[in-house]
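Here the structure is laid out as structure tokens; the discussion comes afterwards.
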Amino acid sequence: MAQKPDNGDTVPTNHLLPGKSFRQGCIAKAADPLPFEALSSLMGLALPRRTALLASLAPLLPHAAMARTGKSAHVSTSSHAHNTNTLHAPAIIRGAAPPPPLVMLDPGHGGKDPGAIGYSGTYEKHVSEAAAAELERQLLATGRYRVALTRASDRFIPLEGRVEMAQAHKASLFISMHADALHDSAVRGASVYTLAGAASDSQTAMIAQSENSADLFGGPHVHATSPEVQQILASLVSEETRRGSTRIANQVVSSFQSRISLLSHPHRHAAFVVLKAADIPSVLVEMGFMSNRSDEAALRQAGHRAMVAGAMRDAVDRYFATARIGVG
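The sequence shown stops at residue 328 when you use full-length UniProt numbering, and every number in between is there.
Put into structure tokens, the structure is as follows:
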């Protein structure tokens, strides 16, 4: 299929949500009020008893200050000598909840790499970015997650760089979003892929080969991973991560079934480089195929992308509920 020049995509840019590539949305809790009861009871003692009690506690005061002030305890001895009577109680946060899990969304392709190009000239890189922005909006609206994007603009990012971002952000889940192309234009429908050393079928092998060759757009300084190395990387992923990837893949398929057209046997696997994080459950979602006129036409519509994102949001909700990872 001949590729058209990048002279403007038919997906309107105003469908892309502006914003940073990382949003947290966490609100710090105020410190608990300081307990004054102990101080009041001490001050109520007669002066001789109070003086004797303070004198007996004096040897312990420097140690108590160091234990409670942490890094601020590293002060010079001369400064300490002048401030022995000005110890400050630290703020205490009791029962602080852990931060919400972070979901890393990865819009496929970008920049000099357009991805697949549809019959009417729609670029996969624009569709994946618009869909990821919509999914980000829906996930943040739940108040249960933090969300990071590997890219929030039209720029090229090597496959290894996408994985490194997820690891640097300590993501709990990684979702790569695509709309690829096949030689057979009659094939349509969504599908979900997890990592494996060998492809589950010839069609998936072709998709993986296409996706793994994206680094070629980066020029000679970006080295594409060979098939042999891809298989080795796949073998290094932990069994726990594989189980997590399978769970999220099954949840996506379940969510799509009642709303989105699916391929037969929609959960497939191959050696996708972008899914190789050893400790982060990861899936690649093909929202449809740009090589099919019906899929391309649907993915050009904001309403259809919102429906796809809604199904994926529900899958993420069920995944974390099942995995019992802290969700508010």
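Beta carbons are placed, not taken as given, at the ideal position from N, Cα and C, and that holds for glycine.
Computed from a predicted model, the values in this text were never measured in an experiment.
Bridge partners of A190, per DSSP?
Start at 1 with the first residue of the sequence shown, and residue 190 comes out as number 190. DSSP output for A190 lists L262 as bridge partner(s).
Could you tell me the distance, in whole angstroms, from the CA atom of H169 to the CA atom of L105?
Start at 1 with the first residue of the sequence shown, and residue 169 comes out as number 169. Start at 1 with the first residue of the sequence shown, and residue 105 comes out as number 105. So the two alpha carbons sit approximately 12 Å from each other.
Using a Cβ distance threshold of 8 Å, determine whether the region 168 to 184 contacts the region 116 to 135, with at least three qualifying pairs required.
yes
Less than 8 Å between the beta carbons of H304 and A298, yes or no?
In the sequence shown, the residue the question calls residue 304 occupies position 304. In the sequence shown, the residue the question calls residue 298 occupies position 298. Against a cut-off of 8 Å, the Cβ pair of A298 and H304 comes out as a contact.
In the DSSP assignment, what are the bridge partners of Y145?
For this step, residue 145 is matched to residue 145 along the sequence shown. The partner list for Y145 (beta bridge, DSSP) is empty, contrary to what the question assumes.
Short of 6 Å in beta carbon distance, which residues of its chain neighbour S255, apart from the five on each side in sequence? Order them along the chain.
As a first step, residue 255 is located in the sequence shown; it is residue number 255 there, counting from the start. Hits under 6 Å: A311, D314 and A315.
Can you tell me whether DSSP reads M104 as helix, strand or coil?
As a working mapping, residue 104 is identified with position 104 in the sequence shown. Strand, per DSSP.
For T204, does the count of other Cβ atoms within 10 angstroms reach 16, so buried, or fall short, so exposed?
Along the sequence shown, one-based indexing puts residue 204 at 204. Here T204 is buried, its C-beta having at least 16 other C-beta atoms within 10 Å.
How many angstroms separate the CA atom of K29 from the CA atom of T142?
Taking the first residue of the sequence shown as position 1, residue 29 is located at position 29. Taking the first residue of the sequence shown as position 1, residue 142 is located at position 142. Model confidence at K29 stands at a pLDDT of 39, short of 50, so the residue's coordinates are unreliable; what they give is reported in the following sentence. So the alpha carbons of these two residues sit roughly 20 Å apart.
Does the Cβ-Cβ distance between R259 and M307 come in under 8 Å?
Within the sequence shown, residue 259 is the residue found at index 259, counting from 1. Within the sequence shown, residue 307 is the residue found at index 307, counting from 1. Cβ atoms of R259 and M307: closer than 8 Å.
Kindly confirm or deny that the region 268 to 277 and the region 193 to 211 touch, where touching means at least three C-beta pairs closer than 8 Å.
When C-beta atoms of the region 268 to 277 are compared with those of the region 193 to 211, three or more pairs fall below 8 Å, so the two segments count as touching.
State the beta-bridge partners of R268 as determined by DSSP.
The residue labelled residue 268 in the question sits at position 268 within the sequence shown. DSSP, once it has assigned bridges, lists Y193 as partnering R268.
Using DSSP's beta-bridge definition, name the partner residues of M177.
One-based indexing of the sequence shown puts residue 177 at position 177. Listed as beta-bridge partners of M177 by DSSP are P107 and V285.
Any idea if D215 is buried or exposed, counting beta-carbon neighbours within 10 angstroms, 16 or more meaning buried?
Within the sequence shown, numbered from 1, the residue matching residue 215 stands at position 215. Residue environment for D215: buried (at least 16 other C-beta atoms within 10 angstroms of its C-beta).
Would you mind working out which of S213, K276 and A309 sits nearest V252, comparing C-alpha positions?
Along the sequence shown, read from residue 1 onward, the residue named residue 252 stands at position 252. For the residues S213, K276 and A309, the minimum Cα distance to V252 belongs to A309.
List the endpoints of the continuous alpha helix (DSSP H) containing Y319.
Taking the sequence shown and counting its residues from 1, one reaches residue 319 at position 319. For Y319, the enclosing alpha helix (DSSP H) begins and ends at A302 to A323.
Quick one, are the C-beta atoms of Q209 and I280 less than 8 Å apart?
Taking the first residue of the sequence shown as 1, we reach residue 209 at position 209. Taking the first residue of the sequence shown as 1, we reach residue 280 at position 280. Using a Cβ distance threshold of 8 Å, Q209 and I280 do not count as a contacting pair.
Please report the distance separating the alpha-carbon of T322 from that of N250.
As a first step, residue 322 must be located in the sequence shown, where it is residue number 322. As a first step, residue 250 must be located in the sequence shown, where it is residue number 250. Between T322 and N250, the C-alpha separation is close to 12 Å.
Alpha carbons only, please: which of R151, T150 and E136 is nearest the one belonging to R144?
Mapped onto the sequence shown, residue 144 falls at position 144. Among R151, T150 and E136, the Cα nearest to that of R144 is on E136.
With DSSP as the reference, please indicate the residues paired to D113 in a beta bridge.
Walking along the sequence shown from the start, residue 113 turns up at place 113. DSSP lists G110 as partners of D113.
Beta-carbon within less than 6 Å of F22's beta-carbon, same chain only, minus the 5 sequence neighbours each way: which residues are those?
Counted from its first residue, the sequence shown places residue 22 at position 22. With a pLDDT of only 31 at F22, under 50, the local geometry of the prediction cannot be trusted, and the value read off the model is given with reservation. Closer than 6 Å at the Cβ level, and outside the excluded window around F22, lie A148.
Between which residues of its own chain and S171 is the CB-CB distance below 6 Å, once the five residues before and five after are set aside?
Taking the sequence shown and counting its residues from 1, the one referred to as residue 171 is at position 171. Before going further, note that residue 171 is Ala rather than Ser in the sequence given. Excluding positions up to five away in sequence, the list reads L102, M104 and I280.
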